[in-house]
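Everything in the sequence shown is counted per full-length UniProt numbering, starting at 1 for the first residue and increasing by one. Heads up: the structure comes next, in structure tokens.
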Amino acid sequence: MARDLVLAVSSGAISELGFLLLNRHRKRRQTKWNGNRFKLSRFSDVDCIEVFRFTRYDIRRIRSLLHFPPKFKLWNRMVVPSEEVLCLVLARLSYPRWLTDLCPLFLRHRTVLSNMFNIGVDFIHARTANHLSSLQQPFISPRRLELYAANVDEVTDRLTGPMKVWAFIDGTTRPVCRPIENQRIVYNGKDRVHALKFQAVTTPGGLIIHLAGPIDGARHDSKKSTSGTGRGEDGGDWASLQAVW
């Protein structure tokens, strides 16, 4: 940028005063963002839990289990450590934050943080989305579902009766702008607003095993696709064990 400013002055594109102002702004930006880069080792476990919701050991274990590469190459050809990318994703998803709020923590401009966050989320989604889009997973076996149902019966003192409850569904209605066409499809009569619906299925152990959406707002919650049928790893049929409201 310094070379471009010199060429602009020599060609008469900008005045000497403009050169001084732009050069001062360039130096201030370099001083602001070119400090010591982010290093996870500088954080204590207490700070890590507060900012990222995980300890240092857990963050590095997650990075290993998700098979993060050593570094990521951003769309602007900048190379950043994958550990920093994962920490940025965790920091922003742990609590609603603006990217500008994270600039002092990572000592990078918000545009760079935006690229880092997007590439980190895309990488995680590509590796794990299949585990949340279908209930036919090896870790959802008939034996485990029976265990979940037994735990729910024990906690609720068998208030569910003959029904076996092994998961809990949480739905969210998000208002949208009124579309020009097909307004009835997305109109939610309960909330009296045009909306799209999303939902998650969570086991009694707190594990989110399924995500669905967006779904048209006019569809009733009981008709949303919340459960799958199939056979587990031991060949047992668990179609009778349904996730219920």
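Yeah, the Cβ is synthetic: ideal placement off N, Cα and C, and Gly gets one too.
Using a 10 angstroms sphere on the CB of Ser-44, the tally of other CB atoms stays under 16, which defines it as exposed.
Secondary structure note for His-125: its alpha helix (DSSP H) is the uninterrupted segment 110-128. Uninterrupted beta strand (DSSP E) stretches at least 3 residues long and entirely within the stretch 180-216 occur at 193-202 and 208-216, given in chain order. About 6 Å separates the Cβ atoms of Pro-69 and Ser-82, confirming a contact at the 8 Å cut-off. Counting C-beta pairs closer than 8 Å gives three or more between the stretch 84-100 and the stretch 40-56, which meets the contact rule. Close CB contacts of Arg-110 within its chain, under the 7 Å cut and outside five residues either way in sequence, are with Leu-99, Thr-100 and Cys-103 (chain order). For Val-80, the beta-bridge partners assigned by DSSP are Phe-72.
One Cα belongs to Leu-107, the other to Gly-120, and the distance between them is close to 18 Å.
Contact annotation, Thr-156 with Gln-199: C-beta distance approximately 22 Å; criterion of less than 8 Å not satisfied. Note on Lys-71: under 16 other CB atoms within 10 angstroms of its CB, so exposed under the neighbour-count rule. Assignment of Asp-47 by DSSP, reduced to helix, strand and coil, places it in the helix class. Per DSSP, the continuous beta strand (DSSP E) segment holding Arg-174 begins and ends at 168-175. By the CB criterion at 7 Å, Leu-196 and Pro-179 fall outside the cutoff. Ranked by Cα distance from Leu-105, the options Asp-47, Val-186 and Ala-212 are led by Asp-47.
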